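**Student:** Here you go, one structure.
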Amino acid sequence: MGITSHDVARLAGVSQPTVSRALRDDPRVSMATREKVKRAAQALNYVPSEAGRTLSTRATRRVGVIVTDLTNPFYPHVIAPLHDELSSLGYRMMLITERSDEAVAEEKLLDQSMDGVVLATATTDSRLPAQLERRGMPYVFLNRDTGRAGDFASVVDNEGGGRLVARELVALGHRRIAGVFGAANTTTGREREMGFRLALAEAGVGLPEDRVVRGAFEYDTGYRALPVLLDAAEAPTAVFCGNDVVAIGVLNAALAAGVKVPDDLTVIGFDDLPMAAWEVFRLTTVRHDLQELSRQAARLLVRRIAKEVDPAGERLVLPTEFVPRATHAHAR
Numbered sequence: 001m002g003i004t005s006h007d008v009a010r011l012a013g014v015s016q017p018t019v020s021r022a023l024r025d026d027p028r029v030s031m032a033t034r035e036k037v038k039r040a041a042q043a044l045n046y047v048p049s050e051a052g053r054t055l056s057t058r059a060t061r062r063v064g065v066i067v068t069d070l071t072n073p074f075y076p077h078v079i080a081p082l083h084d085e086l087s088s089l090g091y092r093m094m095l096i097t098e099r100s101d102e103a104v105a106e107e108k109l110l111d112q113s114m115d116g117v118v119l120a121t122a123t124t125d126s127r128l129p130a131q132l133e134r135r136g137m138p139y140v141f142l143n144r145d146t147g148r149a150g151d152f153a154s155v156v157d158n159e160g161g162g163r164l165v166a167r168e169l170v171a172l173g174h175r176r177i178a179g180v181f182g183a184a185n186t187t188t189g190r191e192r193e194m195g196f197r198l199a200l201a202e203a204g205v206g207l208p209e210d211r212v213v214r215g216a217f218e219y220d221t222g223y224r225a226l227p228v229l230l231d232a233a234e235a236p237t238a239v240f241c242g243n244d245v246v247a248i249g250v251l252n253a254a255l256a257a258g259v260k261v262p263d264d265l266t267v268i269g270f271d272d273l274p275m276a277a278w279e280v281f282r283l284t285t286v287r288h289d290l291q292e293l294s295r296q297a298a299r300l301l302v303r304r305i306a307k308e309v310d311p312a313g314e315r316l317v318l319p320t321e322f323v324p325r326a327t328h329a330h331a332r
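Just so we're aligned: the sequence shown equals residues 1 to 332 in the UniProt record's numbering.
Quick look at the structure:
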């Protein structure tokens, strides 16, 4: 007969349930006890049975994370802390990548092989959240949600960030202002544009449609947008971009067109990815805590799995701050 968790429990001087919790790094077990149990398991060459654990608890301790845009540099910076936080809570993360939420095969999520799901690239028109609700699968939104009441989400104060940028540009004397915003079916795109527009309107500054471009949060969106904006009846002196990746596309297009940043054109991004601070960019942007965005999503999902949340929903919103670097200047 093989070594069991009961044998490990006897050697470590703890109960069998404590062994199970300690070996999955449950934070409810002290670090000293976890180390003692792991030493006992190692001494006995004990390997936990994941299948047995699943049958006994009806939980897999696995969480799926759906990302449909792995080419975007934003996502590695939120996936890594999400993985670490889930691990600290005793869960394994499984990354699911498809071109769209609709392309995610239902059997990957709804065959009871996971305890919950993080939706990292949701759109407002996705049918996936409703499918998960019907199957009773706990899920949370990370970064983007549906914008409707009842969401469980970890998001950023996108509208507030947009307002910060608009007020800064107005204070710098800019009046011919443009925006390269995210897609209309994303809450990040809508909310950042809305905050930006509202603050400009409060200052009496217009944002005509010929100085607005919307698209995916990608480098190409920014690179292709700038020539269009420069051809407008009145070329802008400042451009607010939906995220840092789009802003970098605008910076490169400006270099190609011989437009000097920030002398001829102010460019401002959003997110403050680590690359935004590189000397080659020194991008002025809007910062929020990328790691905490992920950590609080992980904690929220685990609480939802444990049914420790208000069924009416919970939307956790992180604050933003303006980060001045080298791509903004007074209007000339």
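Just so it is clear, CB atoms sit at the ideal spot from N, CA and C, and this is done for glycine as well. Being a predicted model, the structure only gives us computed values, none of them experimental.
With 16 as the cutoff for other CB atoms within 10 Å, does glycine 262 come out buried or exposed?
**Tutor:** It is proline, not glycine, that sits at residue 262 in the sequence shown. Classification for proline 262: buried.
**Student:** If you reduce the DSSP assignment to three classes, tell me which class residue 387 lands in.
**Tutor:** This structure leaves residue 387 out entirely; the chain is present only between 1 and 332.
**Student:** Which same chain residues, not among the five before or five after methionine 275, have their C-beta less than 8 Å away from its C-beta?
**Tutor:** Excluding sequence neighbours, methionine 275 sits near Pro73, Asp244, Ile248 and Phe281.
**Student:** Would you say the segment 214 to 229 touches the segment 178 to 188, given that touching needs at least three Cβ pairs under 8 Å?
**Tutor:** Enough Cβ pairs lie closer than 8 Å, so yes.
**Student:** Just verifying my parser: in three-state terms, what is the DSSP assignment at isoleucine 268?
**Tutor:** If DSSP states are grouped into helix, strand and coil, isoleucine 268 belongs with the strands.
**Student:** Quick test of your reading: valine 78 and leucine 290, contact by CB under 8 Å. State the CB separation rounded to the nearest angstrom.
**Tutor:** Rounded, the Cβ-Cβ distance is 6 Å, consistent with contact.
**Student:** Buried or exposed: where does alanine 166 fall if 16 or more other Cβ atoms within 10 Å of its Cβ makes it buried?
**Tutor:** When all chains shown are included, alanine 166 counts as buried.
**Student:** Nearest CA to the CA of alanine 22: which residue from Gly136, Ser88, Phe141 and Val213?
**Tutor:** Answer by Cα proximity: Ser88.
**Student:** Please check the pair alanine 331 and glycine 173, which I expect to be a contact at CB under 8 Å, by giving their CB distance rounded to whole angstroms.
**Tutor:** Right, their Cβ atoms sit about 4 Å apart.
**Student:** Note down, in chain order, each residue of its chain lying with its Cβ closer than 6 Å to the Cβ of leucine 169, except the 5 sequence neighbours on either side.
**Tutor:** Only Ile177 and Ala238 meet the Cβ criterion.
**Student:** By DSSP's criteria, isoleucine 177 is part of a beta bridge. Which residues make up the other side?
**Tutor:** Note: isoleucine 177 sits in a beta bridge opposite Ala238.
**Student:** What's the gap between the Cα of glycine 269 and the Cα of glutamine 42?
**Tutor:** Cα to Cα, glycine 269 sits roughly 50 Å from glutamine 42.
**Student:** Output the boundary residues of the beta strand (DSSP E) element that contains isoleucine 66.
**Tutor:** Isoleucine 66 -> beta strand (DSSP E) spans 62 to 67.
**Student:** Which stretch, first to last residue, makes up the beta strand (DSSP E) that contains valine 140?
**Tutor:** Taken as a continuous stretch (DSSP letters only), the beta strand (DSSP E) holding valine 140 covers 139 to 142.
**Student:** Do asparagine 143 and leucine 293 come within 8 Å of each other at the CB atom, strictly closer than that value?
**Tutor:** It is a contact, given that the beta carbons lie within the stated cut-off.
**Student:** Skipping 5 residues on each side, what residues in its chain have a beta carbon closer than 6 Å to that of valine 323?
**Tutor:** Once the five neighbours on either side are set aside, the close Cβ partners of valine 323 are Asp272, Thr285 and Arg287.
**Student:** Tell me whether alanine 312 sits in a helix, a strand or coil according to DSSP, three-state version.
**Tutor:** Three-state DSSP puts alanine 312 in coil, outside helix and strand.
**Student:** Span of the beta strand (DSSP E) holding methionine 93?
**Tutor:** Residues 92 to 97.
**Student:** Quick check on this structure: which residue in Val117, Gly160, Val14 and Arg134 has the alpha carbon closest to the alpha carbon of glutamate 321?
**Tutor:** For glutamate 321, the nearest C-alpha among the options comes from Gly160.
**Student:** Roughly how many angstroms lie between the CA atoms of alanine 201 and leucine 119, to the nearest whole one?
**Tutor:** Between alanine 201 and leucine 119, the C-alpha separation is close to 34 Å.
**Student:** Closest to threonine 68 by C-alpha separation, out of Leu128, Arg28, Ser30 and Ala184, would be which residue?
**Tutor:** Considering only alpha carbons, the answer is Leu128.
**Student:** Could you have a look at valine 156 and say whether DSSP puts it in helix, strand or coil?
**Tutor:** The answer is strand: DSSP assigns valine 156 an E or B state.
**Student:** Using the Cα positions of threonine 146 and valine 29, report the straight-line distance between them to the nearest angstrom.
**Tutor:** If you take the alpha carbons of threonine 146 and valine 29, they lie about 37 Å apart.
**Student:** Measure from the alpha carbon of arginine 315 to the alpha carbon of each residue in Phe141, Met137, Glu35 and Asp26, then state which is nearest.
**Tutor:** Of Phe141, Met137, Glu35 and Asp26, the residue nearest in Cα terms is Phe141.
**Student:** Name the one or two DSSP bridge partners that glycine 116 has.
**Tutor:** Answer is Val63.
**Student:** Going by beta-carbon coordinates alone, are cysteine 241 and valine 250 separated by less than 8 Å?
**Tutor:** In this structure, valine 250 lies closer than 8 Å to cysteine 241 by Cβ.
**Student:** Just checking my contact of alanine 298 with glutamate 85 at CB under 8 Å: how many whole Å lie between their CB atoms?
**Tutor:** About 4 Å separates the two Cβ atoms, so the contact holds.
**Student:** Tell me, please, which residues DSSP counts as bridged to leucine 318.
**Tutor:** In DSSP, leucine 318 forms a bridge with Val156.
**Student:** Three-state secondary structure (DSSP) at arginine 287?
**Tutor:** Of the three classes helix, strand and coil, the one that applies to arginine 287 here is strand, per DSSP.
**Student:** Write down the C-beta distance between arginine 24 and glycine 116 rounded to the nearest angstrom, noting that I regard them as a contact closer than 8 Å.
**Tutor:** The pair is not a contact, with the Cβ atoms about 15 Å apart (cut-off 8 Å).
**Student:** Can you give me the C-alpha to C-alpha distance between glutamate 35 and aspartate 7, rounded to a whole angstrom?
**Tutor:** Going by the C-alpha atoms only, they are around 16 Å apart.
**Student:** Is the beta carbon of alanine 225 less than 8 Å from the beta carbon of valine 213?
**Tutor:** For alanine 225 and valine 213, yes; Cβs fall inside 8 Å.
**Student:** Using CA atoms only, rank isn't needed, just tell me which of Ala149, Leu132 and Thr221 is closest to alanine 312.
**Tutor:** Residue Ala149 is the option with its Cα nearest to alanine 312.
**Student:** With distance defined between alpha-carbon atoms, name the residue in Leu44, Ala32, Arg61 and Gly195 nearest to serine 113.
**Tutor:** The residue with the shortest Cα to Cα distance from serine 113 is Arg61.
**Student:** Going by beta-carbon coordinates alone, are valine 37 and valine 65 separated by less than 8 Å?
**Tutor:** Result no, Cβ atoms of valine 37 and valine 65 do not sit closer than 8 Å.
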